[in-house]
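*Asks:* Numbering (our numbering), first residue to last: 19 to 130.
Quick one: the structure is below, questions incoming.
And the structure:
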């Protein structure tokens with residue numbers, strides 16, 4: 019299997035595991051889970067609605083977004099839940115800062 023095929027297989031597996039766990043992939047720029055192909059595997063991230071929506075100038079109307087101090091904790095909890103689902107499926111997950119997870123290609127047992 020070449021690298022392109024291996025990447026597509028891993029992407030499909032990550033997508034299926036997250037979907038089974040209740041995390042649905044969303045289009046670029048929208049609120050939700052984002053999957054991005056990476057040289058070492060698949061990057062997985064989450065953007066909450068409050069960060070995906072452009073900020074408007076002028077008086078605020080309607081619902082107020084949560085305080086910015088609460089978003090890092092929410093993002094962290096969401097990342098932990100996604101990582102737990104991926105690891106439970108037997109995938110290897112690395113944290114990439116506070117915003118992304120990297121699901122890496124699995125190496126064969128006989129590889130160095």
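Glycine residues also receive a C-beta, built at the ideal position from the N, C-alpha and C atoms.
Is any heavy atom in the ligand ATP found nearer than 6 Å to the beta carbon of residue 27?
*Replies:* In terms of ligand content, the structure shown is empty, and the ligand ATP therefore cannot be addressed.
*Asks:* Just to confirm my understanding: we take residue 117, look at its own chain, exclude 5 residues before and 5 after, and list those with CB closer than 6 Å. What are they?
*Replies:* 63
*Asks:* Leaving aside the five residues before and after residue 114 along the sequence, list all residues of the same chain whose C-beta is less than 8 Å from its C-beta, in chain order.
*Replies:* 61, 120
*Asks:* Judging by CA-CA distance, which residue of 41, 90, 56, 59 is the nearest neighbour of residue 102?
*Replies:* 41
*Asks:* Only counting the same chain, and skipping five residues up and downstream in sequence, which positions put a Cβ closer than 6 Å to that of residue 109?
*Replies:* 121
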